[in-house]
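The opening position of the sequence shown corresponds to residue 0 in numbering that gives the first Met the number 0, with each subsequent residue numbered one higher.
Structure record follows, encoded as structure tokens.
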Amino acid sequence: MRTPALNTLFYTLARLGLTAMVLFSLAACLKLPGTSSGGGSDTKVQKNAVVTLSAFSDFQCSNNWTNRDGALGLAAGSGSGTCKVSFPGGPGVYRISVQVQTEFDGSPFYKVSGNGKTLYAGTYPLSTSSLVCDCPNWRKNCPDAVVSVDAGTHDLKTGDNIEYFGKEVYPCGPRNGAYAKWHAMVFTPL
0 MRTPALNTLF YTLARLGLTA MVLFSLAACL KLPGTSSGGG SDTKVQKNAV
50 VTLSAFSDFQ CSNNWTNRDG ALGLAAGSGS GTCKVSFPGG PGVYRISVQV
100 QTEFDGSPFY KVSGNGKTLY AGTYPLSTSS LVCDCPNWRK NCPDAVVSVD
150 AGTHDLKTGD NIEYFGKEVY PCGPRNGAYA KWHAMVFTPL
């Protein structure tokens, strides 16, 4: 905020014929609102942003992944598959979550790895309260649900190799499988 004394100083300098550049430099040194000294102490560290990577468009996947009910899922009978990406975010600690599409007839196994090391492994939750092997009109009576599963907190660097592994399961027999359907991986900086 400019004080009366500062206004007097500016007026006096202007009467002496000093240029606007000198006045601006003086204002910058005095750190008036809306100015910067240009020194390192005023530098703001920009936080890393949330990184959301689409299963469909950002990952390079083995050829047995396909669109299954709007999610990327394994082709029936193909067993397992992997999807890989080079981490584009800045270095730091991130909470990783995977947006998976649950099913009523099985809990597929999945694993998230970084540079070849397992970061988290688990099984999908069911879309129903318990395993259901027979659900007529399943899209209405036992619909899939998109949920976010927590894959933990991890220290990542730009360019780290991130891998998603999914394995289909058939707990209800060969006609009803769960295909490790997923949508995205989200990296939230901490």
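Don't be surprised by glycine CBs; every beta carbon is placed ideally from N, CA and C.
Between the beta-carbon of residue i and the beta-carbon of residue j, is there less than 8 Å?
i      : j      : result
Ala150 : Val111 : yes
Gly176 : Ala75  : yes
Thr101 : Ala70  : no
Cys171 : Gly105 : yes
Gly72  : Lys180 : yes
Ser85  : Asn160 : yes
Pro156 : Pro90  : Note on identity: in this sequence residue 156 is Lys, with Pro being the wrong assignment. In this structure, Pro90 lies closer than 8 Å to Lys156 by Cβ.
Tyr191 : Cys82  : The structure shown has nothing for residue 191, since the chain only spans 0 to 189.
Pro142 : Ser126 : yes
Which of the three DSSP states is assigned to residue i in this structure?
i      : result
Phe103 : coil
Ala179 : coil
Gly172 : coil
With DSSP as the reference, please indicate the residues paired to residue i in a beta bridge.
i      : result
Pro188 : Tyr93
Take residue i and list the residues in its own chain whose beta-carbon comes closer than 8 Å to its own, dropping the five residues that flank it on each side.
i      : result
Gly78  : Asn63, Lys166 and Glu167
Val49  : Val185, Phe186, Thr187 and Pro188
Asp68  : Gln100, Asp143 and Lys180
Thr152 : Val92, Tyr93, Arg94, Ile95 and Leu189
Can you give me the Cβ contacts of residue i inside the same chain, cut-off strictly under 7 Å, excluding the 5 residues immediately before and after it?
i      : result
Trp137 : Phe103
Ala183 : Thr51, Leu52, Ser53, Ala54 and Gln98
Ala80  : First, the residue type needs correcting, since residue 80 is Gly and not Ala in the sequence shown. Same-chain partners within the cutoff: Cys60, Ser61, Asn63, Trp64, Leu73 and Gly165.
Val131 : Phe103, Asp104 and Cys141
Thr117 : Lys110
Val146 : Val99, Thr101 and Pro124
Please list, in chain order, all residues of the same chain as residue i whose beta carbon is under 6 Å from its beta carbon, the five residues on each side excluded.
i      : result
Val148 : Val97 and Val99
Arg1   : Caution applies to Arg1, whose pLDDT of 49 falls short of 50 and renders its modelled position unreliable; the value that the coordinates give is listed next. Nothing meets the Cβ criterion.
Asp57  : Val84
Ala120 : Lys110
Tyr169 : Gly176
Cys134 : Phe103, Asn140 and Cys141
Tyr123 : Val99, Thr101, Ser106 and Pro107
Are there any heavy atoms of the ligand FAD lying less than 7 Å away from the beta-carbon of residue i, as far as the coordinates show?
i      : result
Ala150 : As far as ligands go, the structure on display features none, and thus does not contain the ligand FAD.
Item to complete: Note down, one range per segment and in chain order, each alpha helix (DSSP H) of at least 4 residues found wholly within the stretch 116-163.
Response: 137-140
Discussion item. In chain order, what are the residue ranges of uninterrupted beta strand (DSSP E) at least 3 long that sit wholly in the stretch 42-94?
Written reply: Counting only runs of 3+ residues, the beta strand (DSSP E) found wholly inside the stretch 42-94 occupies 50-53, 64-67, 70-73 and 79-85, in chain order.
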